[in-house]
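Going line by line, the protein sequences match chains A and B. FYI, this note's numbering numbers position 69 of the first sequence as 69, with every residue one higher than the one before it. Count along the second sequence from 1, add 250, and you get the number used in this note's numbering. From the three backbone atoms N, C-alpha and C, an ideal C-beta is built for every residue, glycine too. Keep in mind the model is a prediction, meaning the values are calculated, not measured. Data first, discussion second: the structure below is written as structure tokens.
2 protein chains.
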Amino acid sequence: MSEIEVPESHPRYQSLLTRHRIEDGVKKGITSTQGLIAQGRGEAFDYLLGERTIPSADRAERVAAAHLLLAEQPVLSVNGNVAALVPEELVELAEVTDADLEVNLFNRTEERIHAIVDHLHEHGASEVKGTAADERIPGLDHERAKVDSDGIYAADVVLVPLEDGDRAEALAAMGKTELVIDLNPLSRSQQASTVPIIDNAIRAIPAITTHARVLQRASSTLEEMRTIIDEFDREAILADAERVIRNGSD
Amino acid sequence: MSEIEVPESHPRYQSLLTRHRIEDGVKKGITSTQGLIAQGRGEAFDYLLGERTIPSADRAERVAAAHLLLAEQPVLSVNGNVAALVPEELVELAEVTDADLEVNLFNRTEERIHAIVDHLHEHGASEVKGTAADERIPGLDHERAKVDSDGIYAADVVLVPLEDGDRAEALAAMGKTELVIDLNPLSRSQQASTVPIIDNAIRAIPAITTHARVLQRASSTLEEMRTIIDEFDREAILADAERVIRNGSD
């Protein structure tokens, strides 16, 4: 038994746990109205994908892990939905890849930023960025442009879950390597991504951590990790996910 | 200009109006957390359908109108989402087809029932059922089974928007004609429906009203309306919507 009164073997375990964590996120002021609607949109695409990590998404997750490990300054951008759904898993991925966590919200309010920072601390995070907000992403309106100068602004690799399309494009225009988790392969965020991860964040975040651990354990050389990155074909990944969604099978 | 500061000619008018009404529904205590997630799931399927009423959905809406006009005791079941999105349109459909409105919630709380009843009254409804809750749909647990004895319990035809799968099946088991508005053709609700309406409620409700008006104006005989109903092929409607979602075109 875990935080919900259902054994992990239950066929609807993941769905019930997701629902519980989202409800809890609403109570804590972490998840916004638009975040809940976005959650539903994701669930529909996940349903069409078969609520599983398709093989091409697993390949993208391995490449994302290589990017995070090779980065000079990797940052995991945290919004209300992933904070509610996978707080511990985000902290773990940040530790394994030596990345910073930065809270970055589409509908930014100081209350929600602080509620999310507190929530991440409760789940083991030491430092959480996002409260300084002392720099701006060029080309976005004021509120949505706010980032930390020593966080997303300076990062070379950013993992963005369910990002707003405008901001995903603006980050790409800054030349950053964007690892985008979004279940809609046709979204503007995925079109702007360096590595499109078309998978549920609840599965994707732990999967990237596992790949990072395996790459570290195998003592992969920089050269080997660069090869993994160079051989990655993002167009093929996008096309594969769309094909599975349209056809309903691999 | 209407309730939002955007002209109706704006390409994102429907989307912005939907967002505004949903946010307003949250503020008024009408829309629930699960309702917001369901809204998002619907948006994703609507996106794949091209955010339009596909021709087969229009045929289903005409058949739904015929069912409501021929019914002895038609009831429009109202949940938090449709109450927030199309309150006036529901009242108009109820008037045109001489149907009752009954508030019926998956996550039933007395506060939310009363907030929705008030909201419908503000939008022109005279009588709204759902507060008596003096009967039970067989086969469901207590809270979800509650209905009015002179409303859904006694109805021969029920229009249900975005119904929970268990309740859709339980209503079908009672022998009711179920007109189900749900954008997912694979949902258990649509599998249990008599008439699957695979369209956004924001388009479907006014479309059913228009069809009902046309059928009335043409002084269609009972026989003609029965023919419309008899010629309806629900399997073809379900298959057509799934094909459009999968293939992206008609």
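Beta carbon of residue i nearer than 9 Å to that of residue j
{"i": "B/Val325", "j": "B/Leu370", "result": "no"}
{"i": "B/Leu335", "j": "B/Gly275", "result": "yes"}
{"i": "A/Met225", "j": "A/Leu70", "result": "yes"}
{"i": "A/Glu61", "j": "A/Ile229", "result": "no"}
{"i": "A/Leu63", "j": "A/Thr209", "result": "First, the residue type needs correcting, since residue 63 of chain A is Val and not Leu in the sequence shown. Contact flag unset, no."}
{"i": "A/Leu162", "j": "A/Gly50", "result": "no"}
{"i": "B/Gly415", "j": "A/Gly40", "result": "no"}
{"i": "B/Val407", "j": "B/His373", "result": "no"}
Nonlocal neighbours in the same chain, by C-beta distance under 6 Å from residue i, ignoring five residues either side
{"i": "A/Leu159", "result": "Leu76, Leu179"}
{"i": "A/Pro206", "result": "Glu89"}
{"i": "B/Met251", "result": "Unreliable placement is indicated for B/Met251, whose pLDDT of 40 sits below 50; the coordinate value is still reported in the next sentence. Same-chain partners within the cutoff: there are none."}
{"i": "B/Ala486", "result": "none"}
{"i": "A/Thr257", "result": "For residue 257 of chain A there is no data in the structure shown, the boundaries of chain A being 1 and 250."}
{"i": "B/Ala333", "result": "Ile280, Ile366, His369"}
{"i": "B/Asn434", "result": "Phe295"}
{"i": "B/Asp490", "result": "Ser306"}
{"i": "A/Ala145", "result": "Arg136, Ile137"}
{"i": "B/Ile431", "result": "Pro411, Ile447, Ala451, Ala454"}
{"i": "A/His211", "result": "Glu61, Arg62, Ala65"}
{"i": "B/His270", "result": "Ile254"}
{"i": "B/Leu488", "result": "Pro435, Pro446"}
{"i": "A/Ser219", "result": "none"}
{"i": "A/Arg217", "result": "none"}
{"i": "A/Leu48", "result": "Ile245"}
{"i": "B/Asp230", "result": "No information on residue 230 of chain B is available, as it lies outside the stretch 251 to 500 that chain B covers here."}
Classification of residue i by the beta-carbon crowding that lies within 10 angstroms, buried from 16 upward
{"i": "A/Leu215", "result": "buried"}
{"i": "A/Thr109", "result": "exposed"}
{"i": "B/Leu472", "result": "exposed"}
{"i": "A/Glu102", "result": "buried"}
{"i": "A/Pro87", "result": "buried"}
{"i": "A/Thr18", "result": "buried"}
{"i": "A/Gly139", "result": "exposed"}
{"i": "B/His260", "result": "exposed"}
{"i": "B/Ser439", "result": "buried"}
{"i": "A/Asp233", "result": "exposed"}
{"i": "A/Ser149", "result": "exposed"}
Nonlocal neighbours in the same chain, by C-beta distance under 7 Å from residue i, ignoring five residues either side
{"i": "A/Thr53", "result": "Asp199, Arg203, Ala207"}
{"i": "A/Tyr153", "result": "Glu135, Val147"}
{"i": "B/His364", "result": "none"}
{"i": "B/Asn357", "result": "Ser282, Gln284"}
{"i": "B/Arg442", "result": "A small fix is needed here, since residue 442 of chain B is Ala in this sequence, not Arg. Excluding sequence neighbours, B/Ala442 sits near Ala418, Glu419, Ala422, Glu428."}
{"i": "B/Ser437", "result": "Gly415"}
{"i": "B/Gln323", "result": "Ala404, Ala405, Asp406"}
{"i": "B/Leu355", "result": "Asn329, Gly330, Arg362, Ile363"}
{"i": "A/Gln14", "result": "Ile202"}
{"i": "A/Lys28", "result": "Ala115, His119"}
{"i": "A/Arg213", "result": "Val96"}
8 Å CB neighbourhood of residue i in its chain, flanking five on each side removed
{"i": "B/Ala344", "result": "Leu326, Asp350, Leu351, Ala375"}
{"i": "B/Gly401", "result": "Val325, Asp350, Glu352, Lys379, Gly380, Ala382"}
{"i": "A/Ala38", "result": "Asn81, Leu162"}
{"i": "B/Leu286", "result": "Ile272, Val276"}
{"i": "A/His142", "result": "Arg136"}
{"i": "A/Leu16", "result": "Ile4, Val6, His10"}
{"i": "B/Glu377", "result": "Asp350, Leu351"}
{"i": "B/Arg262", "result": "Val256"}
What residues in the region 257-283 of chain B bring their beta carbon closer than 9 Å to a beta carbon of chain A?
Listed in chain order, the positions of the region 257-283 of chain B with a beta carbon within less than 9 Å of a beta carbon of chain A are Arg269, Ile272, Glu273, Val276, Thr281, Thr283.
I'd like to know if the region 227-245 of chain A and the region 49-66 of chain A are in contact, where contact means that at least 3 CB-CB pairs between them fall below 8 Å.
Contact holds between the region 227-245 of chain A and the region 49-66 of chain A, because three or more Cβ pairs, one in each stretch, are under 8 Å apart.
Along the region 172-202 of chain A, what residues have a CB closer than 9 Å to any CB found in chain B?
For the region 172-202 of chain A, which is checked against every Cβ of chain B, the residues closer than 9 Å are Leu183, Asn184, Leu186.
Closer than 7 Å, Cβ to any Cβ of chain B: which residues of the region 215-232 of chain A, in chain order?
So nothing in the stretch comes that close.
Return the residues of the region 100-134 of chain A that lie within a Cβ-Cβ distance of less than 7 Å from chain B, sorted by chain order.
If the cut-off is 7 Å between Cβ atoms, the region 100-134 of chain A has nothing near chain B.
For the region 323-344 of chain B, which residues have a CB atom closer than 9 Å to at least one CB atom of chain A, in sequence order?
Answer in chain order: no residues at all.
For the region 289-313 of chain B, which residues have a CB atom closer than 7 Å to at least one CB atom of chain A, in sequence order?
Residues Gln289, Gly290, Arg291, Glu293, Ala294, Phe295.
Report the residues of the region 390-423 of chain B with a CB closer than 8 Å to any CB of chain A, ordered along the chain.
From the region 390-423 of chain B, no residue has a Cβ closer than 8 Å to chain A.
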